[in-house]
Amino acid sequence: MACYIENPKGVHGYYIRSEGGAAPWRLKMRAPSFTNLQVLKEILPGRLLADTVAVLGSIDFVMGECDK
Numbered sequence: 122m123a124c125y126i127e128n129p130k131g132v133h134g135y136y137i138r139s140e141g142g143a144a145p146w147r148l149k150m151r152a153p154s155f156t157n158l159q160v161l162k163e164i165l166p167g168r169l170l171a172d173t174v175a176v177l178g179s180i181d182f183v184m185g186e187c188d189k
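All residue numbers in the sequence shown are consecutive under our numbering, ending with 189.
What follows is the structure in structure tokens.
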């Protein structure tokens, strides 16, 4: 089962699979910051290195969500 929940930073996705027990057999979470950082390869080419700080600030990502 896949479920998506909206929050202020984007869509938070969950994938849950169970074999009928009390705990899920598999659980995956996809945080919105992870998805938002994937757009950098489209935004950054042709920009200056100094622009990278401003671009990262406008995305408003949380690095703790990205390293899961």
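Ideal placement from N, C-alpha and C gives every residue a C-beta, glycine not left out.
Just so you know, these numbers come straight off a predicted model, no measurement behind them.
Closest by C-alpha distance to residue i, when choosing among the options
{"i": "PHE155", "options": "MET122, ALA123, GLY185 and SER179", "result": "GLY185"}
{"i": "PHE182", "options": "PRO166, ASN157, ILE126 and LEU169", "result": "ASN157"}
{"i": "LEU161", "options": "ARG147, ALA171, VAL176 and TYR136", "result": "VAL176"}
{"i": "HIS133", "options": "GLU140, SER139, GLY141 and CYS124", "result": "CYS124"}
Bridge-paired residues (DSSP) for residue i
{"i": "MET150", "result": "TYR135"}
{"i": "ALA123", "result": "TYR136"}
{"i": "ASN157", "result": "Looking at the DSSP assignment, ASN157 forms no beta bridge with any residue, so it has no partner."}
Where the alpha helix (DSSP H) through residue i begins and ends
{"i": "ALA175", "result": "172-180"}
{"i": "GLU163", "result": "161-164"}
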